[in-house]
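Novice: Provided herewith is a single structure, encoded as structure tokens, for subsequent inquiry.
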Amino acid sequence: MTDETGDGRPRLRVVTGGRAGPDADATRDEAALLGAWLVGDDEAFGELVARHEPLVLALVRRYATSPEDARDLAQRTFLKAFESARRALIHRGAAGVPAASGLGAVPFRRWLVRVAVNLGKNFRRDETRWTRSSQDLATLPAARPDASQRLEDEEASVRLRRAALRLPRRQREVLTLRIDAGLPFAEIAAALGCTENAAKVSFHLAVKRLRAELGKEDA
Amino acid sequence: MTACHDVAPLLLDRSAGDLAVADAARLDEHLAGCAACRAEAAALDRTLSLVRLPPPDAAERAALTGLADSVRLAQQASAQRRARPARFAAVLAVAAAAAAFLVAPAFTRRAPTLTPEEVALARAAAAATAPASRWTVPDPDELWDTAGALLSDQAAATASTTAAPAASLDVAATGGSGTPLGRDRTVAIAAADAWFDTDTTAR
């Protein structure tokens, strides 16, 4: 983000907390898109999917065992979130809550996050025959002088990604929302229904466990 | 070698990309002079970089193209599935209404539409004749007996007074048509008329 300084040169300003969350304008815009979709506007539907597709895919890739699984999880995530939005909008419309008031706006992005995380968790639970995941499918490096080191890193990476899926639920959710989706801790806390501080503590514990796993293998 | 206690949380924030601007300068200054914290920061960076997923490869990107269209199709199919029970319920409701329309007359009886005055009048008439004159279905044999008694009375009266010819009674019974109905039947009609008058009064 840039600001103009007195001499006309742009001054860089660092925004912390990862990717910026949706601001008020985006929320209003999203409410308008949802309202248009509800009355059958296909373009609004496509815009909503395109807007949130990277976020959903980033979240479900962690749990998918193949690209087809990732696609299926993403599709189900959108379907469930749209269904929830449809019910909420119809219910609020029947209750006479105007969408423009802000009270009628539905937390569509937050629902997507929660649905994606829950579907991913259920998918992992049901995948008892799991033998390898997309994380294992990472192509091995070609033979190069530093191939040995890269191969070692690759193996460690696969181990850690598996260990990440074995983390306690809250720690795993915070970790994936942070490093896969790049959500700020405030948005993670809102999506998971906890405080920002609790989300940070969960992240700290997750990293601590992963480091222990890495150290165990290194030893 | 462990990190300094007071900057340990900042090291994790830094690796997670969540370090506040106000803390960044202080941490950089500390890292410049603390080898233990530099090692800790490097270990955290390595852990998080290893646990991150690789970017989508070509096969994954190809599988994920057209996601919006597939979501739209799945949503339309879902909407059709939702509408199916509703359509079935509507057809069922129409069939039930038609059946009720056809069957209802067998179970219903039109209620009398009498005015309060008519009701009061009927009650008064019933009170005047009740309870002895409550109407019952007449016994045909009794009816014929009544006809016979009337005939006997009439014959006796004729013989004792004007001795009118029987033929004139027949003519009167035919209502002037000239066709004799027969004595018994004439008397029966008279008895039936008497019964009818009585019945009407009773009702």
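These protein sequence lines are chains A and B, in that order.
To convert, count from 1 in the first sequence and add 151; that's the working numbering.
To convert, count from 1 in the second sequence and add 1091; that's the working numbering.
Note that CB positions come from ideal geometry on N, CA and C, so glycine has one too.
Remember, predicted model here, so these are calculated numbers, not experimental data.
(1) Find the residues of chain B that neighbour A/H355, judging by a C-beta separation of less than 8 Å, and give them in chain order.
(2) What are the residues in the segment 1107-1122 of chain B lying within 7 Å of chain A by C-beta distance?
(3) Sorted by chain position, which residues of the same chain lie with C-beta nearer than 6 Å to A/A332's C-beta, five sequence neighbours on each side aside?
(4) Tell me whether the segment 187-194 of chain A and the segment 1143-1151 of chain B touch, counting them as touching only if at least three CB pairs, one residue from each stretch, are closer than 8 Å.
(5) Starting from A/S308 and walking both ways along the alpha helix (DSSP H), at which residues does that stretch end?
(6) Count Cβ pairs between the segment 338-349 of chain A and the segment 1177-1184 of chain B that sit closer than 8 Å; are there 3 or more?
(7) List the residues of chain A that B/A1154 touches, going by C-beta distances under 9 Å, in chain order.
(8) In terms of residues, what are the limits of the alpha helix (DSSP H) holding B/V1228?
(9) Can you pull out the residues from the segment 183-202 of chain A whose beta carbon lies closer than 8 Å to at least one beta carbon of chain B?
(10) Find the nearest neighbour of A/G271 within the set A/T327, A/H355 and A/A201, judged by alpha-carbon distance.
(11) Would a check of beta-carbon distances place A/E338 closer than 8 Å to chain B?
(12) Output yes or no for whether 8 Å exceeds the beta carbon distance between A/A236 and A/V266.
(13) With a cut-off of 8 Å, does the C-beta of B/A1159 fall near any C-beta of chain A?
(14) Specify, as a first and last residue, the run of the alpha helix (DSSP H) that A/G271 falls within.
(15) B/A1282 and B/L1234 look like a contact to me (Cβ under 8 Å); what is the Cβ gap, rounded to whole Å?
(16) Assuming A/H203 is part of the alpha helix (DSSP H), what are its boundary residues?
(17) Quick one: what's got a C-beta closer than 8 Å to A/E204's C-beta in the same chain, skipping five residues either side?
(18) Hey, how far is the Cα of B/L1122 from the Cα of B/A1107?
(19) For B/D1114, I'd like the list of residues in its chain whose CB is within less than 8 Å of its CB, leaving aside the five on either flank, ordered along the chain.
(20) Around the Cβ of B/D1097, are there at least 16 other Cβ atoms within 10 angstroms (buried) or fewer (exposed)?
(21) Scan the segment 1171-1204 of chain B for residues whose Cβ lies nearer than 8 Å to a Cβ of chain A and list them as they occur along the chain.
(22) With distances taken from CA atoms, which of A/L263, A/L361 and A/A341 is nearest A/S308?
(23) In chain A, which residues lie with their C-beta within 7 Å of the C-beta of B/Q1166?
(24) Measure the C-alpha to C-alpha separation of A/T228 and A/F336 and round it to an integer number of angstroms.
(25) Just how far apart, CA to CA, sit B/T1265 and B/F1287?
(26) Let me make sure I understand the geometry here. Which of B/A1197, B/L1193 and B/R1214 has the alpha-carbon closest to that of B/L1205?
(27) Along chain B, which residues have their Cβ under 9 Å away from the Cβ of A/R261?
(28) Please check if any C-beta of chain A sits within less than 8 Å of the C-beta of B/L1212.
(29) Measure from the C-beta of A/D331 to each C-beta in chain B and report whether the shortest distance is under 8 Å.
(30) Under a CB-based cut-off of 8 Å, is B/T1093 close to chain A?
(31) Using the beta-carbon count (16 or more within 10 Å), is A/E181 buried or exposed?
(32) DSSP three-state label for A/T327, please.
(33) Where A/L311 and B/E1120 are concerned, what is the direct C-alpha to C-alpha distance, given to the nearest angstrom?
(34) Does the CB of B/R1143 have a neighbour CB from chain A at under 8 Å?
(35) At 8 Å on the CB atoms, spell out the chain A contacts of B/T1036, in chain order.
Specialist: The answer reads as follows:
(1) Under the 8 Å cutoff, chain B gives P1100 and L1103.
(2) Sequence-ordered contacts of the segment 1107-1122 of chain B with chain A read A1107, G1108, D1109, L1110, A1111 and V1112 [C-beta pairs closer than 7 Å].
(3) If we look at A/A332 and ignore the five residues flanking it on each side, its Cβ neighbours are L206, A209 and L210.
(4) Inter-segment contact for the segment 187-194 of chain A and the segment 1143-1151 of chain B is absent: fewer than three beta-carbon pairs are separated by less than 8 Å.
(5) A298 to L316 is the span of the alpha helix (DSSP H), which, as asked, contains A/S308.
(6) Result no; under three Cβ-Cβ pairs closer than 8 Å.
(7) The contact set of B/A1154 on chain A, defined by CB atoms closer than 9 Å, consists of S217, P218, E219, A221 and R222 in chain order.
(8) In this chain, B/V1228 is not harboured by any alpha helix (DSSP H), its DSSP state being neither H nor E.
(9) Flagged, chain order: D193, F196, G197, V200 and A201.
(10) Nearest Cα to A/G271 within the set A/T327, A/H355 and A/A201: A/T327.
(11) Put simply, the CB of A/E338 is far from chain B, with every gap to its CB atoms at 8 Å or more.
(12) Not a contact, by the Cβ cut-off of 8 Å.
(13) It does: the Cβ of B/A1159 has a partner Cβ on chain A nearer than 8 Å.
(14) Start and end: F259 to D277.
(15) About 6 Å separates the Cβ atoms of B/A1282 and B/L1234, confirming a contact at the 8 Å cut-off.
(16) Element bounds for A/H203: D193 to V211.
(17) Non-local beta-carbon contacts of A/E204 in its own chain, meaning distances under 8 Å to residues more than five positions away in sequence, involve A225 in chain order.
(18) C-alpha of B/L1122 to C-alpha of B/A1107: approximately 17 Å in a straight line.
(19) Leaving aside the five residues that flank B/D1114 on each side, the residues in its chain whose CB is nearer than 8 Å to its CB run, in chain order, L1101 and D1104.
(20) Burial call: exposed.
(21) Near chain A, meaning a CB-to-CB distance below 8 Å, no residue of the segment 1171-1204 of chain B qualifies.
(22) Taking only the C-alpha atoms, the option nearest A/S308 is A/L361.
(23) Residues of chain A passing the Cβ test: L230 and F233.
(24) Rounded to the nearest angstrom, the two C-alpha atoms are 22 Å apart.
(25) Because the pLDDT at B/T1265 is just 49, under 50, the model does not fix this residue reliably, and the point stays unresolved.
(26) Measuring from the Cα of B/L1205, the nearest candidate turns out to be B/R1214.
(27) Residues of chain B passing the Cβ test: none, with the nearest at roughly 19 Å.
(28) With 8 Å as the cut-off, B/L1212 does not count as an interface residue toward chain A.
(29) Yes, A/D331 counts as interfacial toward chain B.
(30) No, because no Cβ of chain A sits closer than 8 Å to the Cβ of B/T1093.
(31) Note on A/E181: 16 or more other CB atoms within 10 angstroms of its CB, so buried under the neighbour-count rule.
(32) For A/T327, the three-state secondary structure derived from DSSP is helix.
(33) Cα to Cα, the separation comes out at about 31 Å.
(34) True, the Cβ-Cβ gap to chain A drops below 8 Å.
(35) There is simply no residue 1036 of chain B to check, as chain B begins at 1092 and stops at 1294 in what is shown.
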